[in-house]
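Residue numbers (the numbering used here): 54 to 148.
Where is the CB? At the ideal position from N, CA and C, for every residue including glycine.
Fair warning: this is a prediction, and the values are worked out from it, not measured in the lab.
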């Protein structure tokens, strides 16, 4: 169906855009973080059919993701450098 074809196109476009998401921050180049962002962006796209996923939404979600990780780790356990580098992931139970 056309909806399924659109979903595949959107899914693939998100996959193309994710490596370009804040490339200077190691956090956003982590494969697990990219998988998580992919799920968030895909759900956004299917839940908002009027706009769907458009290029640039990936850059809008990153500040929320950054703040979420910092809050989950606790302000004392993670500073901005810990989050940006991806070191915060280890404090959240990831090796």
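- Distance from the CA atom of residue 72 to the CA atom of residue 107, rounded to whole angstroms, is 15 Å.
- 117 is the residue among 75, 83 and 117 whose C-alpha sits nearest the C-alpha of residue 93.
- Counting the other Cβ atoms within 10 Å of the Cβ of residue 142 gives 16 or more, which makes it buried.
- In this structure, the straight-line span from the alpha carbon of residue 100 to that of residue 111 is close to 15 Å.
- Annotated three-state conformation of residue 69 is helix, per DSSP.
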